[in-house]
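**Student:** Handing you this structure, nothing more for now.
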Amino acid sequence: LSVSLFAAVAGAAQGKKQPISQPLVSHIYTADPSAHVFNGRIYIYPSHDIESGIKQDDNGSHFDMKDYHILSMDSPTGKVTDHGVALDIKNISWAGRQLWAPDAAYKNGTYYLYFPVKDKQDIFRIGVATSKKPEGPFKAESKPIDGSFSIDPCVFKDTDGSYYMYYGGIWGGQLQRWASGSYDANAKLRTANEEALLPKVAKMSNNMLSFAEAPKDVKLVDENGKTFLEGNNDKRFFEAAWVHNYNGKYYFSYSTGDTHFICYGIGDSPYGPFTYKGVVLKPVEGWTNHHSIVEFKGKWYLFYHDVQLSGQTHLRNIKVAELKYNPDGTIVTVDAYK
Ligand code: FUB
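Count the sequence shown with mature numbering (1 follows the signal peptide of the UniProt record, and there is no 0) and you get residues -12 to -1, 1 to 326, in order.
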């Protein structure tokens, strides 16, 4: 009996809520799973959590990751293959520390791995690395993407073949330091009555290595078209942007961070605005909540993480569950425990 199964059996005996899914792998800690279907196979681009020994703080210093492993499976219930180290921080010439949540895209025979990492001045930037294979190894460009900052890139391919990068994260993700348009290490977080900071979007250039335009705010609004205040922290954007298309509409989903929800809004354009519709995933065990949504063979799946294996917020494990839609296109909220 594995440790997690033993805990589940013991928990069930005590009437505790049980996880609806088991960790996809347990030989390493993984988080922030960005899933894509390439060549009919599911590839997952997660963070690789490690015990750094660094004390927990509000900047996420304890998330001091040093490489990426890419995982793949032939179906959501299939055997998971760990393809080993795909990119090591040692091989990113401009990187300082903290390889956070990555994403990937494919175009014209090349796979692109997008990753946030602090540069040598301790400022989060977004980098890109390329490979001829979805599982890597990836070779990093010699500089971060020009004009990039903050964390959690998500690269979305639109139906017309254009690609857009969504990114940003407040608190440790440093988005608040860019609120004035340039970097200010001392910038404060927004207060409860101020408008919440918005995530960013930029169309990618044809070569996928740079932005084709200056990043714009992604407007996230309530049913009256109003943006949220920082005090609406059960709905406002915190980090973990993800965009997918369903029945011709654009779905922008994200984490609310300190209230731990994955929420979403729906829009008619990749630039938004996105009207808030509700919760995709209720809070999971552990502080962070970060997900991706992908279609595979006509069904939809939510990839996410919790801390079932370790019980510690910085040592996470990725999972998958089926995602369903209501007839009106809204998402049926997932509770990871029942
Ligand atoms: O994994 C490090 C950070 O934790 C990610 O970038 C955030 O989205 C949160 O999951």
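Backbone N, C-alpha and C fix where the C-beta goes; we use that ideal spot for every residue, glycine too.
1) What residue from G274, G84, K43 and G213 has the CA that sits closest to G253's CA?
2) I think C251 touches V268, with their Cβ atoms under 8 Å apart; what is that distance to the nearest whole Å?
3) Among G97, I111, K223 and D91, which one has its Cα closest to the Cα of G84?
4) According to the Cβ coordinates, are G255 and F240 closer than 8 Å?
5) Over what stretch of residues does the beta strand (DSSP E) that includes Y99 continue unbroken?
6) Using only CA atoms, which one of H279, N235 and L208 lies nearest to K223?
7) Between V320 and K326, is the Cβ-Cβ spacing less than 8 Å?
8) Under a Cβ-count criterion, where at least 16 other Cβ atoms within 10 Å of its own Cβ denotes burial, should L(-12) be classed as buried or exposed?
9) State the DSSP-derived secondary structure class of I8, mapped to helix, strand or coil.
10) If you measure between the beta carbons of G157 and L163, is that distance less than 8 Å?
11) I'd like the list of long-range same chain contacts for S193, defined as Cβ closer than 6 Å, with 5 residues on each side in sequence excluded.
12) Excluding the 5 residues flanking S198 on each side, which residues of the same chain have their C-beta closer than 7 Å to its C-beta?
13) Using beta-carbon positions only, say whether G274 and V295 come within less than 8 Å of one another.
14) Any heavy atom of ligand 1 inside 7 Å of the beta-carbon of W230?
15) I'd like the span of the beta strand (DSSP E) that includes W82, first residue to last.
16) Quick one: which unbroken alpha helix (DSSP H) runs of 4-plus residues sit fully inside the segment 178 to 248? Chain order, please.
17) Under a CB-based cut-off of 8 Å, is W166 close to chain D?
18) According to DSSP, simplified to helix, strand and coil, what is I30?
19) Check whether the segment 123 to 143 touches the segment 101 to 109, counting contact only when three or more Cβ pairs, one atom from each stretch, lie closer than 8 Å.
20) What do you reckon, is the C-beta of E227 under 7 Å from a heavy atom of ligand 1?
21) Which of helix, strand or coil does DSSP assign to I111?
22) Is the beta carbon of A324 sitting closer than 8 Å to the one on K265?
23) Among W159, K188, K191 and P187, whose alpha-carbon lies nearest the alpha-carbon of T179?
24) Measuring alpha carbon to alpha carbon, tell me which of G3, E182 and L303 ends up nearest H293.
25) Under the criterion of a Cβ to heavy atom distance below 7 Å, does W88 qualify as lining ligand 1?
26) Short of 7 Å in beta carbon distance, which residues of its chain neighbour N314, apart from the five on each side in sequence? Order them along the chain.
27) Examine ligand 1 and report whether any of its heavy atoms sits within less than 7 Å of the Cβ of H279.
28) Just the C-alpha distance for S81 and D146, rounded to the nearest angstrom, thanks.
29) Following a CB-centred definition, is S243 positioned closer than 7 Å to any heavy atom of ligand 1?
**Tutor:** Based on what the coordinates show:
1) Position 265 of the sequence shown holds residue 253. Here the closest residue by C-alpha is G213.
2) Residue mapping note: residue 251 aligns to position 263 of the sequence shown, counting from 1. Residue mapping note: residue 268 aligns to position 280 of the sequence shown, counting from 1. Rounded, the Cβ-Cβ distance is 7 Å, consistent with contact.
3) Stepping through the sequence shown from its first residue, residue 84 is reached at position 96. Nearest neighbour of G84 by Cα position, chosen from G97, I111, K223 and D91, turns out to be I111.
4) Walking along the sequence shown from the start, residue 255 turns up at place 267. Walking along the sequence shown from the start, residue 240 turns up at place 252. The criterion of a C-beta distance shorter than 8 Å is satisfied by G255 and F240.
5) As a working mapping, residue 99 is identified with position 111 in the sequence shown. Annotation: the continuous beta strand (DSSP E) that includes Y99 extends over T98 to D107.
6) As a position in the sequence shown, residue 223 is number 235, starting the count at 1. The option with the nearest alpha carbon to K223 is L208.
7) Mapped onto the sequence shown, residue 320 falls at position 332. Mapped onto the sequence shown, residue 326 falls at position 338. Contact flag unset, no.
8) Working through the sequence shown from its first residue, we reach residue -12 at position 1. The predicted model places L(-12) with a pLDDT of 40, which falls under 50 and marks its position as unreliable; any figure quoted below should be read in that light. So L(-12) counts as exposed.
9) Here residue 8 is taken as the residue at index 20 of the sequence shown, counted from 1. Reduced to three states, the DSSP call for I8 is coil.
10) Indexing the sequence shown from 1 puts residue 157 at position 169. Indexing the sequence shown from 1 puts residue 163 at position 175. Yes, the pair counts as a contact, with Cβ atoms nearer than the cut-off.
11) Numbered from its first residue, the sequence shown carries residue 193 at position 205. So the qualifying residues of the chain are A200.
12) Here residue 198 refers to the residue found at position 210 of the sequence shown. If the five residues before and after S198 are omitted, its C-beta is found closer than 7 Å to the C-beta atoms of I133 and D134, all from its own chain and listed in chain order.
13) Indexing the sequence shown from 1 puts residue 274 at position 286. Indexing the sequence shown from 1 puts residue 295 at position 307. Yes, the pair counts as a contact, with Cβ atoms nearer than the cut-off.
14) On the sequence shown, position 242 is the one that residue 230 refers to. No, the beta carbon of W230 sits no closer than 7 Å to any heavy atom of ligand 1.
15) Along the sequence shown, read from residue 1 onward, the residue named residue 82 stands at position 94. Segment: none, W82 is in no beta strand (DSSP E) and carries neither H nor E.
16) none
17) Here there is only one protein chain, and chain D is not present.
18) To locate residue 30, count along the sequence shown from 1; it is residue 42. DSSP places I30 in strand when its eight states are reduced to three.
19) yes
20) Here residue 227 refers to the residue found at position 239 when the sequence shown is read from its first residue. Checking the Cβ of E227 against ligand 1 gives yes.
21) For the purposes of this step, residue 111 is taken as residue 123 along the sequence shown, with counting starting at 1. Taken through DSSP and simplified to helix, strand or coil, I111 comes out as coil.
22) On the sequence shown, residue 324 is found 336 positions in, with the first residue counted as 1. On the sequence shown, residue 265 is found 277 positions in, with the first residue counted as 1. No, the pair does not count as a contact, with Cβ atoms beyond the cut-off.
23) Position 191 of the sequence shown, counted from the start, is the residue given in the question as residue 179. Minimum Cα distance to T179 is reached at W159.
24) By 1-based counting over the sequence shown, the position of residue 293 is 305. Checking every option, the nearest Cα to that of H293 belongs to L303.
25) Walking along the sequence shown from the start, residue 88 turns up at place 100. Answer for W88: yes, Cβ within range of ligand 1.
26) By 1-based counting over the sequence shown, the position of residue 314 is 326. Around N314: V320.
27) Numbered from its first residue, the sequence shown carries residue 279 at position 291. No, the Cβ of H279 stays beyond 7 Å of every heavy atom of ligand 1.
28) What you label residue 81 is simply residue 93 of the sequence shown in a count that begins at 1. What you label residue 146 is simply residue 158 of the sequence shown in a count that begins at 1. Distance between the alpha carbons of S81 and D146 is about 32 Å.
29) Numbered from its first residue, the sequence shown carries residue 243 at position 255. Yes.
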